[in-house]
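Chemist: Going by numbering that gives the first Met the number 0, the sequence shown opens with residue 0, and the numbers climb by one from there. Note that the Cβ used here is the ideal one computed from N, Cα and C, for glycine as well. One structure coming up, written as structure tokens, with questions to follow.
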Amino acid sequence: MEFAIALDPQSNLPLHRQVYEALRQLILAGKLLPKQRLPSTRALAKSLSISRATVTQSYEQLISEGYLQTISGGGTYVCDFLPEEFLHSKPTLQPNTDCVTDNINLSTYGTNLITNAPLYSPRLSLPIEFRYGQPALDAFPLNLWRQLISRHCRQSDRLMLDYATDSLGYQPLRDAIARYLIQSRAVQCHADQIIIVGGSQQALDLVSRVAIDPGDGIAVEDPGYLGARHVFLSQAAKLYPIPVDRLGMQIEQLYQLSNIKLVYITPSHQFPTGALLSLSRRLELLAWAKQTGGLIIEDDYDSEFRYEGRPIPALQGLDRTNSVIYIGTFSKVLFPSLRIAYLVVPPKLVNVFARAKWLVDRQSPLLEQYVLTDFINEGHLERHIRRMRALYDRRRQALVEALVNDFSDRITICGENAGMHLMVRLSTNLSDRTIIERARAVGVGLVSARQYYLKNTCNCEFVFGYADLDEAEIATGVQKLAAAIN
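The following block contains the structure:
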């Protein structure tokens, strides 16, 4: 056997580990070749003047890791293929492909995901991006949030580390949310109707699992929120686009359809147009639900931010037939990674939604629920909303002023009185793609509204998010955009 192993009795490394490392390096260096036989444990122990048990321990470790193999009655050999070869093997498919091999039969849900639920694509990193739905993270009271986290970590509550006893969510948090909704949104509910979920997207997913069968008719706003559309299509629902005008969804068109099981709507700040569903249409929609037995999903995603007039009460507060499922979220009010949203469901549906939530992920993280409870009960949420409403109002005014100054009568602004974004129609012969490419060339990111339409077509409509841009960035971005288009 033409190899040597040098052992150091003074080393802190045990002898069996030294033998293991020496043999492994000889194998990796090619000095011990595949299929080459090694000396027996007795022979190697004798040549190294160590115990046989030490060599045996080294061999067993190498065998378990795939460097050596034993043949019954034939000794110990170097393996044909080493672990490193598998670690550095080339993938059979390119990353990020949606390829499904012929021998894998997906469910209808899985197949629908491939065609109807594209993965989140990373945003371009541009100097100025008019991203919608992005709150001003630099204005969040992070030090206060840290203090609240530390408070609960110091208390060493073992229950915080255990499974939750209630899949509906942390009871004190549900109590706090119920009080907040009754006071600020005129929602009629009890804490037992509230279910804590991991973001509004999970809320939509739970509703679709519980209420939608393949082929069911779902009425959606056109244009409307893509995330909801993808969830419904993944359940093989049939979508019916209902046009939106300055008063919101055209409810009268629902009566022309005979197979609508559910209506998805954003009545307080229609996405993306910003239209407010009028009171008469709200009552008309509730009358439709009472007459047909249909369900209504009210997505109240950013209703806290209304800059002119009083906040509009939720549609759910007008419901007298338990037809409305209300969705709210803290992602826009606080920060997106918090991933805490909530459902307010009619009493008769609480049990089935609790079961659905338990099957999906059993519970939402408890520490964040503890902290959010304190944040609400101690008045921090209301103060934060007041500060952000004033901040966003200044930025909204800056954006409207910049658009009017730089585009004059070539634009129409929609939904500028609420929320964290507004929609702009440009009067130009250029295509959406051309405008986006020209804007990107000067460091400005834009989002076209074309993708939010299901039936109607549009051209040169864009969604401008302004919440995370200061007034100077807004003015500069609009000025660069106008110059690029001209």
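Under 7 angstroms, Cβ to Cβ, is there at least one residue of chain D near residue 173?
Modeler: Annotation note: the requested chain D is absent from the structure, which comprises a single protein chain.
Chemist: Quick check on DSSP: helix, strand or coil for residue 103?
Modeler: Looking at residue 103 - three-state DSSP - the assignment turns out to be coil, as it is neither helix nor strand.
Chemist: Excluding sequence positions up to five away, which residues of its chain have a Cβ less than 7 angstroms from the Cβ of residue 451?
Modeler: Excluding residues within five positions, the ones whose Cβ falls inside 7 angstroms are 222, 223, 225 and 271.
Chemist: In the DSSP assignment, what are the bridge partners of residue 413?
Modeler: Answer is 422, bridged to residue 413.
Chemist: Please state whether DSSP places residue 237 in a helix, a strand or coil.
Modeler: Strand at residue 237.
Chemist: Taking its Cβ as the centre, do 16 or more other Cβ atoms sit within 10 Å of residue 53, making it buried, or is it exposed?
Modeler: Classification for residue 53: buried.
Chemist: Whole angstroms are fine: how far does the CA of residue 454 sit from the CA of residue 285?
Modeler: Whole-angstrom Cα-Cα distance: 25 angstroms.
Chemist: Closer than 8 angstroms is the cut-off here; do at least three beta carbon pairs connect the segment 336-344 with the segment 186-204?
Modeler: Yes, since at least three Cβ pairs between the segment 336-344 and the segment 186-204 fall closer than 8 angstroms, the two stretches touch.
Chemist: Using DSSP with H/G/I as helix, E/B as strand and the rest coil, what is residue 246?
Modeler: Looking at residue 246 - three-state DSSP - the assignment turns out to be coil, as it is neither helix nor strand.
Chemist: Where does residue 59 sit, in a helix, a strand or coil, going by DSSP?
Modeler: It is helical.
Chemist: Spell out a yes or no on whether the segment 344-361 and the segment 311-328 are touching, meaning 3 or more CB-CB pairs, one atom from each, closer than 8 angstroms.
Modeler: Yes, they touch.
Chemist: Of all the options 31, 357, 126 and 57, which has the alpha carbon lying nearest to the alpha carbon of residue 472?
Modeler: Ranking 31, 357, 126 and 57 by Cα distance to residue 472 puts 126 first.
Chemist: Which whole-angstrom value describes the C-beta separation of residue 280 and residue 250, a residue pair presumed to lie in contact below a C-beta threshold of 8 angstroms?
Modeler: With a Cβ gap of about 5 angstroms, residue 280 and residue 250 count as contacting.
Chemist: Using alpha carbons as the reference points, say which of 181, 76 and 44 lies closest to residue 31.
Modeler: For residue 31, the nearest C-alpha among the options comes from 76.
Chemist: Return the CA-CA distance between residue 268 and residue 350, expressed in angstroms with no decimal places.
Modeler: Each residue's alpha carbon lies about 30 angstroms from the other.
Chemist: For residue 355 versus residue 322, is the C-beta spacing smaller than 7 angstroms?
Modeler: Against a cut-off of 7 angstroms, the Cβ pair of residue 322 and residue 355 comes out as no contact.
Chemist: Using only alpha-carbon positions, find the residue among 302, 65, 34 and 404 that is nearest to residue 186.
Modeler: Among 302, 65, 34 and 404, the Cα nearest to that of residue 186 is on 302.
Chemist: Would you identify the three-state DSSP class for residue 174, choosing helix, strand or coil?
Modeler: Three-state result, residue 174: helix.
Chemist: If contact is defined by three or more beta carbon pairs under 8 angstroms, each pair taking one atom from either stretch, is the segment 126-137 in contact with the segment 472-481?
Modeler: Cβ pair count under 8 angstroms is three or more, so yes.
Chemist: Which partner residues of residue 76 appear in the DSSP bridge assignment?
Modeler: According to DSSP, residue 76 bridges with 36 and 68.
Chemist: For a test of the three-state rule: what should DSSP assign to residue 261, helix, strand or coil?
Modeler: Strand.
Chemist: So, with DSSP's three-state summary, where would you put residue 191?
Modeler: Helix, per DSSP.
Chemist: Just mark residue 113 as buried or exposed, buried being the case when its beta carbon has 16 or more other beta carbons within 10 Å.
Modeler: By the neighbour-count rule (16 or more Cβ atoms within 10 Å), residue 113 is not buried but exposed.
Chemist: Comparing alpha-carbon positions, which option in 418, 407, 449 and 366 lies nearest residue 159?
Modeler: Of the candidates 418, 407, 449 and 366, the one whose C-alpha sits nearest the C-alpha of residue 159 is 366.
Chemist: For residue 324 and residue 136, I'd like the C-alpha separation in whole angstroms.
Modeler: Roughly 29 angstroms between the two C-alpha positions.
Chemist: In terms of residues, what are the limits of the alpha helix (DSSP H) holding residue 403?
Modeler: Residue 403 -> alpha helix (DSSP H) spans 379-406.
Chemist: By Cβ distance, which residues of its chain are closer than 8 angstroms to residue 465, with the 5 residues on each side in sequence left out?
Modeler: Once the five neighbours on either side are set aside, the close Cβ partners of residue 465 are 129, 391, 394, 395, 397, 398, 419, 420, 421 and 473.
Chemist: What's the C-alpha gap between residue 261 and residue 478?
Modeler: If you take the alpha carbons of residue 261 and residue 478, they lie about 43 angstroms apart.
Chemist: Since residue 470 is in the alpha helix (DSSP H), which residue starts that stretch and which ends it?
Modeler: It spans 470-484 - the alpha helix (DSSP H) in which residue 470 sits, taken as one unbroken run.
Chemist: For the alpha helix (DSSP H) that residue 431 lies in, which residues bound it at each end?
Modeler: From DSSP, the alpha helix (DSSP H) with residue 431 extends over 431-440.
Chemist: Pair every Cβ in the segment 207-215 with every Cβ in the segment 422-434, then say whether three or more of these pairs are closer than 8 angstroms.
Modeler: The segment 207-215, when compared against the segment 422-434, does not touch it at the 8 angstroms Cβ threshold.
Chemist: Between the Cα of residue 408 and the Cα atoms of 481, 417, 255 and 314, which residue gives the shortest distance?
Modeler: Ranking 481, 417, 255 and 314 by Cα distance to residue 408 puts 481 first.
Chemist: Within the same chain, show all residues whose beta-carbon is closer than 8 angstroms to that of residue 131, passing over the 5 residues directly before and after it, in chain order.
Modeler: Only 271, 419, 420, 446, 462, 463 and 464 meet the Cβ criterion.
Chemist: To the nearest angstrom, how far is the alpha carbon of residue 111 from that of residue 294?
Modeler: Going from the Cα of residue 111 to the Cα of residue 294 covers about 23 angstroms.
Chemist: Less than 6 angstroms between C-beta atoms, sequence neighbours within five positions excluded: which residues of the same chain meet that for residue 283?
Modeler: 250, listed in sequence order.
Chemist: Mapping DSSP to helix, strand and coil, what is residue 221?
Modeler: It is a strand residue.
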